[in-house]
Amino acid sequence: MVVDYSKWDKIELSDDSDIEVHPNVDKASFVRWKQQSVHEQRAKRNQDIKTLEAQIHMYQHLNKRVDTMLQNGNVKDFSDLNEVTRFLNSNFDKTENSEGEFVDKDIPTYNEMVEDLIEQLKRELVNEKQDPTNGNLVKDKLIQHRAKIDEVTVEGRKKLDQLYKEKALHISSDDIHTGFDSSFINKKQGTQDALKKNNISSSPTTATVSKSELPSTIKHFIDYKDDVMKLDDRTKKLGEIPVHALKESQTYLLNNMEILSEQQKDALVMTSFEAELKGDHDKAYQIVFQSELMSYIIEVYTLKQIPYLHTTQMADVIRMFFEKVFYSTKNDMGKQSFLSAVESRFEHIKTRCKIIKEEDNKETKGASDEQEGVETIQLKSLDESSELVVNLPNLDNPANEEEKKIVELFKSLPPSMQKAVKSGSLDEINKVFADMSIDEAEHILSIFDEANIIGVAALLEDEKEFDTLKEEYNTSKLNDLSLSEEPTGSKPVTKSIEDEVD
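Here it is in structure tokens:
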């Protein structure tokens, strides 16, 4: 017998895929968005199914009452509401009504719905200017309404069948789990290595948890619908159980069945990404292994079509799964299939994490490049032929109080800047400025201005302003006839600032 691999094509993957996204989209966020989208679609589909099932179930009960009323003249006068009520209460349970998760708790009983329908039909007769007390007219209206219910029911069943097909395509396989097929498969070396690596034995060591020890108060699976990525502490502890401790995993699942939900399984898978991104490959593999245990068990339980947690049924599924996959001495095909699925999922996660790391490195490098472009003050001269003029008094023997003040200001400069100013070289001064922050450099420019060592005339906001000023300066040299000599000043600027040098 050949393995039916097409079964796996009908399972909706709830982790990230290889779809390329915009470089600005955070990969981890993309995974969470996709997770949330899958859960929202699944929840809406399940809600639509339950709503349609409740509607069709309600129509069946209403049709049963209407058909009984119409048969063999059971109701003599359909316009007499009291007669209709007596007939319904004597033939049907007057307290019976629709029940379900998405059914209004205050919904009328089925008998009351039929009574309301009779009143509605009588109002229609009044609107049509016909006699509402004519029982035959009311009966004709009821027959017409009965036909409409059939049409609505047929459409509802079609839509429900379509939803059932979508659910089968996206949540569970068509038949039993592939891991349990008695089929021939090739034993890959990778699977054998996984068996040895994880010290998984084929000897039966079934966990012993009796039915009497099973929790009896659990009614619902853990499912954080408002936060699909929230991981329950009990699920997190499952991910901490070593791969080779199969008996411990089985016992833990038997005692914590409520964690076996799609939402918790997906949330656990996401923690494997965190471990892999930190470089903890063994931890990531361990989490993937435990999440696959959950996935397989959830899938088999889903085939039973029990919408809530039935502890006895779930316990049977858990025991049967471990027995057939890990403890069977007759063949190990189920175990190899399971480990292949774990290995495939783990490789997928490793690949995705590698891509995430590469993109993070690119972003880090880009941020580093931006840091390399930090602005610093640099002096520029409007006239390239001019020389830098430094106005310094005798530093050792100032002549007056004004010169003493200039000397004090000069000595307040950093030693490197003092040396650069003494050299009279614009390039040397710019080298010192290059290693300074904007605030520190502007403080030094203010000292230059106050001491008139190098006069500061203006601060320009960008290089474009400097180019404009330079053009005006060159033009004025040619056109201003009142100029009798070339100016000896120079204009200092930063990457975005320009100053004047006297």
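Taking full-length UniProt numbering, I'd label the letters of the sequence shown as residues 1 to 502.
For every residue, glycine included, the Cβ atom is placed at its ideal position computed from N, Cα and C.
Query: Going along the chain, which residues of its own chain have a beta-carbon closer than 6 Å to the beta-carbon of F346, five neighbours each way excluded?; Result: Y285, V288
Query: Secondary structure at T261, three-state DSSP: helix, strand or coil?; Result: The displayed chain sequence assigns Ser, not Thr, to residue 261. If DSSP states are grouped into helix, strand and coil, S261 belongs with coil.
Query: Looking only at its chain, what residues have a beta carbon closer than 7 Å to the beta carbon of K278, apart from the 5 residues adjacent to it on each side?; Result: none
Query: Buried or exposed: where does Y327 fall if 16 or more other Cβ atoms within 10 Å of its Cβ makes it buried?; Result: buried
Query: Please list, in chain order, all residues of the same chain as K283 whose beta carbon is under 6 Å from its beta carbon, the five residues on each side excluded.; Result: A275
Query: Output yes or no for whether 7 Å exceeds the beta carbon distance between S412 and V432.; Result: no
Query: Comparing C-alpha positions only, which one of H61, V154, D77, K159 sits nearest to K122?; Result: D77
Query: Can you have a look at E299 and say buried or exposed, based on whether 16 or more other CB atoms are within 10 angstroms of its CB?; Result: buried
Query: Check whether the Cβ atoms of L379 and L409 lie closer than 7 Å to each other.; Result: no
Query: Could you give the distance in angstroms between the alpha-carbon of N452 and the alpha-carbon of N391?; Result: 7 Å
Query: Return the CA-CA distance between S340 and A43, expressed in angstroms with no decimal places.; Result: 30 Å
Query: Does the Cβ of I143 have 16 or more other Cβ atoms within 10 Å, making it buried, or fewer, making it exposed?; Result: exposed
Query: Could you pull the start and end residues of the alpha helix (DSSP H) that P415 belongs to?; Result: 415-423
Query: If you drop the 5 nearest sequence neighbours on each side, which residues of the same chain put their C-beta closer than 8 Å to that of V138?; Result: F78, S79, I118, L121, K122, L125, P132
Query: Using CA atoms only, rank isn't needed, just tell me which of L309, H310, L253, F273 is closest to K357.; Result: F273
Query: Note the first and the last residue of the continuous alpha helix (DSSP H) segment covering L121.; Result: 110-127
Query: When you compare each of P393, T376, A420 to S437 by their alpha carbons, which one comes out closest?; Result: T376
Query: Can you tell me where the alpha helix (DSSP H) holding N89 begins and where it ends?; Result: 81-91
Query: I'd like to check one pair, I318 with L268: are the Cβ atoms closer than 7 Å?; Result: no
Query: Judging by CA-CA distance, which residue of L246, M69, N397, K105 is the nearest neighbour of L293?; Result: L246
Query: Return the chain-ordered list of same chain residues with a C-beta closer than 7 Å to the C-beta of T68, the five sequence neighbours on each side being excluded.; Result: N74, N91
Query: Among A434, P414, K422, which one has its Cα closest to the Cα of L395?; Result: K422
Query: Where do the N-terminal and C-terminal ends of the alpha helix (DSSP H) with L238 fall, by residue?; Result: 233-238
Query: Hey, how far is the Cα of A54 from the Cα of S344?; Result: 41 Å
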